[in-house]
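For the sequence shown, our numbering assigns the number 182 to the initial residue and increments by one for each residue that follows.
Backbone N, C-alpha and C define an ideal beta-carbon position, used for all residues, glycine too.
Computed from a predicted model, the values in this text were never measured in an experiment.
Report on the following structure.
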Amino acid sequence: MKKVSRAIVLHERDNVATMLNDVDSGEEIEVISQYGTFKIKALNRIPFGHKVSLRVIRKGERVVKYGEVIGVAVKNIQKGEHVHVHNLKSMF
């Protein structure tokens, strides 16, 4: 049986989703939002509870989760990439 990796979008303004389970690089992620589901490909391993980028986020652009700015990208982040301390500067 094929493993299904899922992530959830918490607010319509979010540009990241939260992983509901671990995903390995190259695997497909089913993203659940209030508007339905869509799929993206994981560019690297992303652990449960961590963020995945839903689109390209340019260096200096705000990262949005819960509909709120949580930080700023310190380098370009590709769609499907793990978003964490290595590419995100927290606003807190």
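#### Entry: Bridge-paired residues (DSSP) for Ala223
Answer by DSSP bridge pairing: none, since Ala223 is not bridged.
### Query
For Val185, does the count of other Cβ atoms within 10 angstroms reach 16, so buried, or fall short, so exposed?
exposed
### Query
Terminal residues of the continuous beta strand (DSSP E) containing Leu269?
From DSSP, the beta strand (DSSP E) with Leu269 extends over Leu269 to Ser271.
#### Entry: Neighbourhood of Gly252 by C-beta distance below 7 Å, restricted to the same chain and skipping five residues each side
Val244, Leu269, Lys270, Ser271 and Met272
#### Entry: Whole beta strand (DSSP E) elements within the region 182–240, 3-residue minimum
186–189, 197–200, 209–214, 217–222 and 232–234
### Message
Quick test of your reading: Phe229 and Asn202, contact by CB under 8 Å. State the CB separation rounded to the nearest angstrom.
### Response
5 Å
#### Entry: Residue from His192, His265 and Thr218 with nearest C-alpha to Lys232
Answer by Cα proximity: His265.
### Query
Any idea what DSSP makes of Gly252, helix, strand or coil?
strand
### Backbone CA spacing between Glu221 and Ser206 [nearest angstrom]
First, the amino acid is wrong: residue 221 is Ile here, not Glu. So the two alpha carbons sit approximately 11 Å from each other.
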